[in-house]
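Right, one structure below, let's go through it.
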Amino acid sequence: MHVILSKSAARWLRTEMHYLQQRNPAAAKAFAARISDAKLLLTAHPEAGPVARSLPVPGARTLVTGDYLIDYRIEADRIILVTIRHGRMRPPDLPMDADP
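Numbering (numbering that gives the first Met the number 0), first residue to last: 0 to 99.
This is the structure we're talking about:
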């Protein structure tokens, strides 16, 4: 299995990385490492995150990594990271973008 990011997750990731790099380069490095580690974990253990009943997509799961939450879906041959958000952010109200 391989892990891919949806368009909205990739966009959020770029924005967060830019924000962190401007304010705290060490935090940006740590954040990038956490996301990379999470992707490796999900590759080996796709069901590592529990099913998230608060998300608008049936069967979506949430993996907690540090201060961040990664909402994802498991498909036949891939895992799609549909949203990445800070733990203080509310879950999305609208259907999550699962379009890679």
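From the three backbone atoms N, C-alpha and C, an ideal C-beta is built for every residue, glycine too. No experiment lies behind these values; they were computed from the predicted model shown.
Less than 8 Å between the CB atoms is what I'm expecting for residue i and residue j, so what's the real figure, rounded?
i, j, result
"Pro45", "Ile73", "5 Å"
"Met0", "Arg87", "Actually they are not in contact, since the Cβ atoms of Met0 and Arg87 sit about 30 Å apart, beyond 8 Å."
"Thr64", "Ala8", "In fact, because the Cβ distance is near 13 Å, the residues do not count as touching under 8 Å."
Could you please give the first and the last residue of the uninterrupted alpha helix (DSSP H) stretch that includes residue i?
i, result
"His17", "Lys6 to Arg22"
With residue i as the anchor, note down where its beta strand (DSSP E) starts and where it stops.
i, result
"Asp70", "Tyr67 to Ile73"
"Leu54", "No beta strand (DSSP E) contains Leu54, which DSSP labels as neither H nor E."
"Arg77", "Arg77 to His85"
Is residue i helix, strand or coil by DSSP?
i, result
"Leu39", "helix"
Residues in the same chain with beta-carbon distance under 6 Å from residue i, minus the five sequence neighbours each way, listed in chain order, please.
i, result
"Gly48", "Arg60, Thr61 and Leu62"
"Leu19", "Ala26, Ala27 and Phe30"
"Arg84", "Leu68"
"Leu4", "Leu80"
"Lys38", "Val2"
Excluding five sequence neighbours on each side, which residues of the same chain lie with their C-beta closer than 7 Å to the C-beta of residue i?
i, result
"Asn23", "none"
"Ala51", "Ala59, Arg60, Thr61 and Asp70"
Go through its chain and collect everything with a Cβ distance to residue i's Cβ below 8 Å, but skip five positions before and after it.
i, result
"Asp36", "Thr64"
"Leu12", "Leu4, Ile34 and Ile83"
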